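Reviewing the structure listed below.
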Amino acid sequence: MLHIKIVSVGKVRETYVQEGIREYVKRLRAYVHLELAEVADQAIPSQGTPKQLDQIKGRESDGIRGRLKPQDYVVLLDRQGESVSSEGVAAFLEERALRGSSHIVFVVGGSLGVDEEMQRRADWRWSFSPLTFPHQLMRLMLLEQIYRGCKIRAGEVYHK
1 MLHIKIVSVG KVRETYVQEG IREYVKRLRA YVHLELAEVA DQAIPSQGTP
51 KQLDQIKGRE SDGIRGRLKP QDYVVLLDRQ GESVSSEGVA AFLEERALRG
101 SSHIVFVVGG SLGVDEEMQR RADWRWSFSP LTFPHQLMRL MLLEQIYRGC
151 KIRAGEVYHK
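Residue 1 is where the sequence shown starts when you use my numbering, and the numbers rise one by one after that.
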């Protein structure tokens, strides 16, 4: 069974997003061992200097790195990353399982993104879209795509 961890910066505050996350966590139990981890987000000053913003990004990235293990296969959600279809997500999950890299960590950075060190740590950078999405909503979208990929892998009806 795949072990999937999602490490995200900040808390999900919207009730409707929390409910959606709970639903997909419940659905995914049949397919993967799932862990959700939150890293504290840092207050961003409205007139922050580039140095201050880099420091904030660095502290958030340090929190993410603290949740990683050396053997983890790290997938960074990144607008500049590679775009794949839902079938591509299923193929990715299958490949990780076959290669024995069954510990996958998906990283959702903060609103400033992640630092360069965190970008280098990523084994794969995945772009959902060139659009910008709210970070809390991105978690729900990520869970849905992992669930869809699991259903495709299992040959079950869900994906159309």
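Beta carbons: idealized from backbone N, C-alpha and C, even for Gly.
Note that the coordinates shown come from a computational prediction; the quantities given were computed from them, not determined experimentally.
Rounded C-alpha distance that separates residue i from residue j
i	j	result
Lys-57	Val-9	10 Å
Leu-68	Val-25	20 Å
Cys-150	Leu-76	19 Å
His-55	Ile-64	Correcting the residue identity first, residue 55 is Gln in this sequence and not His. Going by the C-alpha atoms only, they are around 14 Å apart.
Glu-14	Leu-140	11 Å
Pro-50	Gln-145	34 Å
Gly-110	Ala-40	9 Å
Pro-162	Glu-38	Here the chain has residues from 1 to 160 only, and residue 162 is not among them.
Arg-22	Gln-52	35 Å
Ser-129	Leu-2	25 Å
Tyr-147	Ser-83	18 Å
Glu-31	Ala-43	Note that residue 31 is Tyr in the sequence shown, not Glu. Computed Cα separation, rounded: 36 Å.
DSSP three-state assignment for residue i, whether helix, strand or coil
i	result
Asp-78	strand
Ile-146	helix
Ser-8	strand
Val-17	helix
Val-157	coil
Leu-68	coil
Tyr-31	coil
Own chain partners of residue i with C-beta closer than 8 Å, once the 5 adjacent residues on each side are dropped
i	result
Gly-81	Trp-124, Arg-125, Trp-126, Ser-127
Asp-72	Lys-5, His-103, Ile-104, Val-105
Val-108	Ile-6, Val-7, Ser-8, Val-9, Leu-77, His-135, Met-138, Arg-139, Leu-142
Arg-99	none
Gly-48	Ile-56
Ala-122	Val-74, Val-75, Leu-76, Asp-78, Val-107
N- and C-terminal bounds of the alpha helix (DSSP H) containing residue i
i	result
Phe-92	86-99
Glu-60	50-65
Close beta carbons around residue i, own chain, < 7 Å, minus the five adjacent residues each side
i	result
Leu-34	Ile-4, Val-25, Leu-28
Glu-117	Ser-61
Ser-86	Gln-145, Arg-148, Gly-149, Ile-152, His-159
Close-in-space but distant-in-sequence residues of the same chain around residue i (CB under 6 Å, 5 per side omitted)
i	result
Asp-115	Lys-57, Gly-58, Ser-61
Val-12	Gln-18, Gln-136
Ser-101	Tyr-73
Thr-132	none
- Fully enclosed by the segment 106-154, which beta strand (DSSP E) runs are 3 residues long or longer? The beta strand (DSSP E) runs lying completely inside the segment 106-154 and spanning 3 residues or more are 124-126, given in chain order.
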